[in-house]
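**Q**
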Amino acid sequence: MIRLSQDWLKRSRLNVFAARSTFNFGLDAFDSTIHDDGLPDSQFFSWVGQLQYVRRLETRFQSQIIFRTHFQWANQRLLALEQLSIGGVSSVRGYRENFIIRDNAFISSLEWRIPIKQLAISKFKQNPADGLLKIAFFADYGRAWNADSEIFESEYIYSVGLGVHWSPNKQIRTQIYWGYALRDIPEPKDRDLQDSGVHFEMKVLF
Numbered sequence: 012m013i014r015l016s017q018d019w020l021k022r023s024r025l026n027v028f029a030a031r032s033t034f035n036f037g038l039d040a041f042d043s044t045i046h047d048d049g050l051p052d053s054q055f056f057s058w059v060g061q062l063q064y065v066r067r068l069e070t071r072f073q074s075q076i077i078f079r080t081h082f083q084w085a086n087q088r089l090l091a092l093e094q095l096s097i098g099g100v101s102s103v104r105g106y107r108e109n110f111i112i113r114d115n116a117f118i119s120s121l122e123w124r125i126p127i128k129q130l131a132i133s134k135f136k137q138n139p140a141d142g143l144l145k146i147a148f149f150a151d152y153g154r155a156w157n158a159d160s161e162i163f164e165s166e167y168i169y170s171v172g173l174g175v176h177w178s179p180n181k182q183i184r185t186q187i188y189w190g191y192a193l194r195d196i197p198e199p200k201d202r203d204l205q206d207s208g209v210h211f212e213m214k215v216l217f
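Letter by letter, the sequence shown follows residues 12 to 217 of our numbering.
1) Please classify Arg202: is it buried, with 16 or more other beta-carbons within 10 angstroms of its beta-carbon, or exposed?
2) Does DSSP put Ala158 in a helix, in a strand, or in coil?
3) Per the contact definition of three or more C-beta pairs closer than 8 Å, is the stretch 80-95 in contact with the stretch 195-215?
4) With a cut-off of 8 Å on the beta carbons, I'd call Val209 and Tyr152 a contact; round off their distance for me.
5) Which of the three DSSP states is assigned to Ala29 in this structure?
6) Exposed or buried, which one is Val59 when buried takes at least 16 other CB atoms within 10 Å?
7) Trp189: which of Arg66, Phe36 and Ser207 sits nearest, CA to CA?
8) Which value, in whole angstroms, describes the spacing of the CA atoms of Ile125 and Ile146?
9) Thinking just about the alpha-carbon of each residue, which of Trp84, Leu121, Asp52 and Met12 is nearest to the one in Val65?
10) Could you check what DSSP says for Ser133 in three-state terms: helix, strand or coil?
11) Could you work out which residue in Phe148, Ile13, Ala116 and Gly37 is closest to Ser170 when comparing CA atoms only?
12) Give the DSSP-derived three-state secondary structure of Phe205 in the structure shown.
13) Does the beta carbon of Ile125 come closer than 9 Å to any beta carbon on chain D?
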């Protein structure tokens with residue numbers, strides 16, 4: 012496998028724009044899996060594009076608008092590890108993690124984050140901005156299809172909802188979201204909080 016990535020970042024006082032492009036080349040080498048019958052194997056090509064734009068609104072509660080989009084295209088069916096999943100806290104909230112997994116996919120999200128209160132913990136606080144509590148309102152959309160099918164045969168999900176962000180410092184980040192699924196889906200047999208649209212995530216950076 013060869014991956015070639017290009018990154019671009021532009022930052023100003025009120026705006027941040029970031030982009031990443033990744034070309035993935037699967038190789039017929041090192042006893043990799045190869046099929047001649049159209050089944051997924053290790054010889055493939057795919058492209059992944061990611062964009063994110065952040066705008067700070069000084070006249071609107073010092074809030075932020077965040078737009079992000081993620082696209083993947085493959086020239087043939089992919090092995091499971093190379094496919095893109097839709098659903099969950101990092102893609103389309105309101106649906107369980109990996110609700111849809113396909114070769115090609117498009118995910119987009121728009122979010123408005125508003126700071127509401129400082130909840131600093133002296134033991135963790137490192138600078139004056141630490142401990143800021145934010146509420147968030149979002150809309151998510153995702154569409155996915157396999158390489159051997161047409162885009163009009165794709166599956167899609169979308170949602171709206173709200174969340175809360177809190178970071179005691181730059182190393183610890185927590186967030187909880189509730190998403191309302193706008194497309195009806197079959198009820199799973201083993202329901203959990205994700206099926207009620209609740210997603211929780213904590214990140215600890217070292």
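Glycine included, C-beta positions come from ideal geometry on N, C-alpha and C.
Since the structure is predicted, the reported quantities are computational estimates derived from the model, not experimental observations.
**A** Judging by the given coordinates:
1) Within 10 angstroms of the beta-carbon of Arg202 lie fewer than 16 other beta-carbons, which makes it exposed.
2) Residue state, collapsed to three classes: coil.
3) These segments do not touch.
4) Actually they are not in contact, since the Cβ atoms of Val209 and Tyr152 sit about 20 Å apart, beyond 8 Å.
5) Ala29 falls in the strand class under three-state DSSP.
6) Buried is the call here.
7) Checking every option, the nearest Cα to that of Trp189 belongs to Ser207.
8) Near 5 Å, if we compare the C-alpha coordinates of Ile146 and Ile125.
9) Nearest C-alpha to Val65: Leu121.
10) Ser133 falls in the coil class under three-state DSSP.
11) The option with the nearest alpha carbon to Ser170 is Phe148.
12) Reading the sequence as shown, one finds Gln at residue 205 and not Phe. Assignment of Gln205 by DSSP, reduced to helix, strand and coil, places it in the helix class.
13) The chain labelled as chain D is not found in the depicted structure, where only one protein chain is given.
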